[in-house]
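Worksheet: one structure, shown below.
There are 2 protein chains.
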Amino acid sequence: MEKLSIIKIGGNIIEDETSLHEFLKLFANLDGMKILVHGGGKKATQMAHKLGIESTLINGRRITDKATLEVITMVYGGLVNKNIVAKLQALQTNAIGLSGADGNSILSNKRPVKDIDYGFVGDVKKVDNQAIDVLISANFTPVFCAITHDGNGQLLNTNADTITSQIAVAMSKSYETSIYYCFELNGVLKDINDKNSVIKHINSESYPALLSNGIIADGMLPKLENCFDALKNGVHAVFMGNTTILTKENENYTKITL
Amino acid sequence: MEKLSIIKIGGNIIEDETSLHEFLKLFANLDGMKILVHGGGKKATQMAHKLGIESTLINGRRITDKATLEVITMVYGGLVNKNIVAKLQALQTNAIGLSGADGNSILSNKRPVKDIDYGFVGDVKKVDNQAIDVLISANFTPVFCAITHDGNGQLLNTNADTITSQIAVAMSKSYETSIYYCFELNGVLKDINDKNSVIKHINSESYPALLSNGIIADGMLPKLENCFDALKNGVHAVFMGNTTILTKENENYTKITL
Chain W
1 MEKLSIIKIG GNIIEDETSL HEFLKLFANL DGMKILVHGG GKKATQMAHK
51 LGIESTLING RRITDKATLE VITMVYGGLV NKNIVAKLQA LQTNAIGLSG
101 ADGNSILSNK RPVKDIDYGF VGDVKKVDNQ AIDVLISANF TPVFCAITHD
151 GNGQLLNTNA DTITSQIAVA MSKSYETSIY YCFELNGVLK DINDKNSVIK
201 HINSESYPAL LSNGIIADGM LPKLENCFDA LKNGVHAVFM GNTTILTKEN
251 ENYTKITL
Chain G
1 MEKLSIIKIG GNIIEDETSL HEFLKLFANL DGMKILVHGG GKKATQMAHK
51 LGIESTLING RRITDKATLE VITMVYGGLV NKNIVAKLQA LQTNAIGLSG
101 ADGNSILSNK RPVKDIDYGF VGDVKKVDNQ AIDVLISANF TPVFCAITHD
151 GNGQLLNTNA DTITSQIAVA MSKSYETSIY YCFELNGVLK DINDKNSVIK
201 HINSESYPAL LSNGIIADGM LPKLENCFDA LKNGVHAVFM GNTTILTKEN
251 ENYTKITL
């Protein structure tokens, strides 16, 4: 099977113009077929603040009300996505910017209201691997923002990590897929205070111990759960680290396999 | 040759949710291959105002400075484009939202500074008909916002009428293309005060008289010049009128041919 890389960049890279440019050069130079997924980081929060839209938090969780969804659609779907696409074109990468509504590529369900009404938040239901395959087979490089739709005309704010893993799972039907989560750390750390304490390899054998001794906790926990879910559903490997994991020079990152 | 319809909607349709929904139903029901081009109307101006960005006007012409371009990218490329795409998906039309940067589909030159520096405004240089053909041949329906790029990473605000005609011209190499300009009038009017005084047919023989007696003037003049330019470069026909020109019921519109 042909190889396909799905790369997710976090907010810290998007928020800093120099970091973004450096990352996009690495992404453009990456061989083979590839897909980029980006969140929006603090840019949407900043824009909401400028517009006088206050974030609603319930039990510490952010709620996507109508006004917030509009800001997210403007910032992630417009400002961030189109600028990334234009910059990639300048780097000779034939990028095409997408939300999950475009080409009906990612269909979601609005998260059901249980204890909390999260508002316009989507949980991924179906990734159309054939629609995405048409694009990458025509040498387009899809750039997804973290927005999906419900098929009834409603856009939905959707977790970018989940979009990444769900795309990877769907594309595993016809490609050997690898996920690269680029973030502010060098990888999964043994000691959160030592940025060089990278755990180089995690698999389903070593994972339970990392959980039980609390090395994997807090924000890292859902990320890892997400990774193993992807691996169990056909993804070949997951890499976590800073943006240089896209190069052959970096040997200090976390590789996760089954 | 297969037929391809390129439809442009103006700001008045986008600004009103009911009008937009009615239009999208007509667009979704239109047979054959089709492309939609939209401007953004007053929504960008309103958003700029909310953000405290004042429009710069020189000799009555709006200047696209950096802050204004960001607003345009958010509103046209994000909010308007992604909502249209999601609504079309709900109407079983497999829309894919694009700026000219996406798939390198529309390359522009930043308008040279002569008497006026228009800022980040692009004049269309090249439409990649093959990139667009890949998409429509795969049954995607492209939805273009009025943003292009210069190939060096810079997005550019670009006139939606020009984008429409330039796409039509480029696609004429492999399709019999027709342009539909949907706007607030029933067509080109003999008497601007009589909305029913539609001139049903204009061609290069009747056009000079309409110019010399001042029937075509002001805002209509560049639109018509644009139409004849498109027709001379391979476009089959241009239709102007309200959104019902997309139906067979409406017989009150302006058809323009060579």
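For the record, the sequence lines run as chains W and G.
Reading the first sequence from the start, the letters are residues 1 to 258 in the UniProt record's numbering.
Reading the second sequence from the start, the letters are residues 1 to 258 in the UniProt record's numbering.
Quick reminder that beta carbons are idealized off the backbone N, C-alpha and C, glycines included.
Everything numeric in this text was worked out from a predicted model, so none of it was measured.
When the five nearest sequence neighbours on each side are left out, the beta carbons in the same chain lying within less than 7 Å of the beta carbon of isoleucine 202 of chain G are those of Val188, Leu210, Thr254, Ile256, in order along the chain. Against chain G, a Cβ distance below 9 Å from histidine 149 of chain W picks out Lys82, Val85, Ala86, Gln89, Ala90. For lysine 50 of chain G, the nearest beta carbon of chain W is closer than 9 Å to its own beta carbon.
Between glycine 41 of chain W and asparagine 12 of chain W, the gap from beta carbon to beta carbon is short of 9 Å. Residue burial is scored here from C-beta neighbours: aspartate 194 of chain G has fewer than 16 other C-beta atoms within 10 angstroms and is therefore classed as exposed. Between cysteine 182 of chain W and asparagine 242 of chain W, the CB-CB gap stays under 9 Å. The DSSP assignment places 43–50, 66–72, 81–90 as complete runs of the alpha helix (DSSP H) inside the segment 35–100 of chain W, in order along the chain (cut-off: 4 residues).
Between isoleucine 147 of chain W and glutamine 46 of chain W, the alpha-carbon positions lie close to 18 Å from each other. With at least 16 other beta carbons inside 10 angstroms of its own, methionine 33 of chain W counts as buried. Within chain G, Met74, Gly78 have C-beta atoms less than 9 Å from the C-beta of valine 75 of chain W, given in sequence order. For leucine 26 of chain G, the closest Cβ of chain W is not nearer than 9 Å. Under DSSP, serine 19 of chain G shares a beta bridge with no residue. Along the segment 152–216 of chain G, the beta strand (DSSP E) occurs as fully enclosed runs of 3 or more residues at 155–157, 176–182, listed in sequence order.
According to the DSSP assignment, serine 5 of chain W belongs to the beta strand (DSSP E) that extends over 3–9. Using a Cβ distance threshold of 9 Å, valine 71 of chain W and leucine 51 of chain W count as a contacting pair.
Taken atom to atom, the span from the alpha-carbon of proline 208 of chain G to that of proline 222 of chain G is near 14 Å. The count of Cβ pairs closer than 8 Å, one atom from the segment 130–148 of chain G and one from the segment 100–115 of chain G, reaches three, so the stretches are in contact. In the structure shown, valine 113 of chain G falls within a coil segment according to DSSP collapsed to helix, strand and coil. DSSP, read as helix, strand or coil, puts serine 137 of chain G in helix. Its Cα nearest to that of serine 19 of chain G, the residue G:Lys87 stands out among G:Ser55, G:Thr73, G:Lys87.
Taking asparagine 152 of chain G as reference, the option from W:Ala67, W:Val85, W:Met171 with the minimal CA-CA separation is W:Val85. Within the segment 152–163 of chain W, contact with chain G at the beta-carbon level (separation under 7 Å) is assigned to Asn152, Gly153, Gln154, Leu155.
Contacts between glutamate 70 of chain W and chain G, judged by CB atoms closer than 7 Å, involve Leu79 in chain order. Within the DSSP bridge table, the entry for lysine 126 of chain G names G:Leu107 as partners. Residues of chain G with a Cβ closer than 7 Å to the Cβ of glycine 97 of chain W are, in chain order, Asp102. Contact of phenylalanine 140 of chain W with chain G by beta-carbon distance below 7 Å involves Gly103. Taking a Cβ-Cβ threshold of 7 Å, the residues of chain G close to valine 134 of chain W are Ala138, in chain order. What asparagine 94 of chain G touches in chain W, judged by beta-carbon distance under 7 Å, is Gly103, Asn104, going in chain order. Going by DSSP, phenylalanine 239 of chain W is part of the beta strand (DSSP E) stretching over 237–241. A straight line joining the alpha-carbon of lysine 232 of chain W with that of leucine 258 of chain W spans about 7 Å.
Of all C-beta pairs linking the segment 136–145 of chain G to the segment 113–128 of chain G, fewer than three are shorter than 8 Å, placing the two stretches out of contact. Secondary structure at lysine 223 of chain W: helix, using DSSP grouped into helix, strand and coil.
The residue among G:Ile58, G:His21, G:Thr162 with its C-alpha nearest the C-alpha of valine 113 of chain G is G:Ile58. When rounded, the separation of the alpha-carbon atoms in glutamine 130 of chain W and phenylalanine 140 of chain G is 12 Å. Counting C-beta atoms within 10 angstroms of its own C-beta, methionine 1 of chain W has fewer than 16 neighbours from the protein chains shown and is therefore classed as exposed. With respect to chain G, the C-beta atom of methionine 47 of chain W has a partner C-beta closer than 9 Å.
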